[in-house]
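See structure below.
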Amino acid sequence: MQNENNDFSKVLIGRMCGFDDWYVSLETEAEDGINNICPYLRCPPLPGYKQLSMRCFFSFLNQKPSENSRRVTRVLLDPNEKNGWLSDGTLCIEYGFCVESMEGLDGIWKFNYHDKLFDCDQKQNMITYENDIPDGNDGLQLYIHKQLLEFHSPSFKNVICTVPLSYGTNLERIIEFFQISQAVRIGDSKELASSHLTFKSPIFFIFVVIALDGNPSDSPPNCRRFRYRLQQGEQRN
Numbered sequence: 016m017q018n019e020n021n022d023f024s025k026v027l028i029g030r031m032c033g034f035d036d037w038y039v040s041l042e043t044e045a046e047d048g049i050n051n052i053c054p055y056l057r058c059p060p061l062p063g064y065k066q067l068s069m070r071c072f073f074s075f076l077n078q079k080p081s082e083n084s085r086r087v088t089r090v091l092l093d094p095n096e097k098n099g100w101l102s103d104g105t106l107c108i109e110y111g112f113c114v115e116s117m118e119g120l121d122g123i124w125k126f127n128y129h130d131k132l133f134d135c136d137q138k139q140n141m142i143t144y145e146n147d148i149p150d151g152n153d154g155l156q157l158y159i160h161k162q163l164l165e166f167h168s169p170s171f172k173n174v175i176c177t178v179p180l181s182y183g184t185n186l187e188r189i190i191e192f193f194q195i196s197q198a199v200r201i202g203d204s205k206e207l208a209s210s211h212l213t214f215k216s217p218i219f220f221i222f223v224v225i226a227l228d229g230n231p232s233d234s235p236p237n238c239r240r241f242r243y244r245l246q247q248g249e250q251r252n
């Protein structure tokens, strides 16, 4: 909605890729004596990341749905009440965003497990992991594409569900584990990290990154070595 100062209000869209304070709005740009109205997405500071790979969707809505404009490039409209682009003086825009991956300052691209992909509810192509430890990140959900999981275990092929996963307050460690399980190279540290994760579901997978049998000096240089123990818990109804 436009105010008296020819500014547009900001519409908060909440949290994406683990960061808050994203919003969408409109702005005007003058070109050859014509004021163009442009939608835009504004993101908060993203410490630790250089750039994002994301899918964006904007659609100018008409009173006649068949006239809706869903182009990704410039759209020329003549907004007025008669042609349906304005409703009580309001221009309506539908939008959607999906951050697919993020590039860190080290140049390594990582998956975004915080958000669902477009159309995932219709396609049923994602597995949801939900933290169930009280006093932790209670109820926080992480999302992984089923195709990535099926690569490691065919058990996920016909699964459409939310899988309880106990990881308490250690959110960064469980995300790090998922990154490694999808073959993302993590850091240059030689530090040995240990974690204990519990899947309260009969469905889980184990992916061995580096075997530590033998002398640690035999490990490849500039690699980070991880040891994870996955324990199957009681099945929930």
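Residues in the sequence shown are numbered consecutively from 16, following the numbering used here.
Think of the CB as a built atom: it goes at the ideal place given N, C-alpha and C, for glycine as much as any other residue.
None of the values given here were measured: they were computed from a predicted structure.
Check	Outcome
Would you kindly report the start and end of the unbroken beta strand (DSSP E) that includes Ser116?	107-119
Please report the residue range of the alpha helix (DSSP H) in which Phe193 lies.	186-196
Given 8 Å as the limit, is there contact between the region 61-73 and the region 43-50, that is, 3 or more CB pairs closer than that?	no
Rounding to the nearest angstrom, what Cα-Cα distance links Tyr128 and Met117 in this structure?	11 Å
Assuming the contact rule is C-beta atoms closer than 8 Å, Thr143 and Gln162 should be a hit. Round their C-beta distance to whole Å, please.	Actually they do not touch by this definition, with Cβ atoms about 15 Å apart.
Does the region 23-39 come into contact with the region 103-116, if we say contact requires no fewer than three beta-carbon pairs (one atom in each stretch) closer than 8 Å?	yes
My assumption, with CB atoms under 8 Å, is that Trp37 sits in contact with Cys58. Please give the rounded CB distance.	6 Å
So, for Lys138: in the same chain, excluding its five sequence neighbours on each side, which residues have a beta-carbon less than 6 Å away from its beta-carbon?	none
Helix, strand or coil: how does DSSP classify Asp22 here?	coil
To which residues does DSSP link Val39 through a beta bridge?	Val26, Leu56
Per DSSP, what kind of secondary structure is Phe166 in: helix, strand or coil?	helix
Rounded to a whole number of angstroms, what is the C-alpha to C-alpha distance between Asp134 and Glu109?	15 Å
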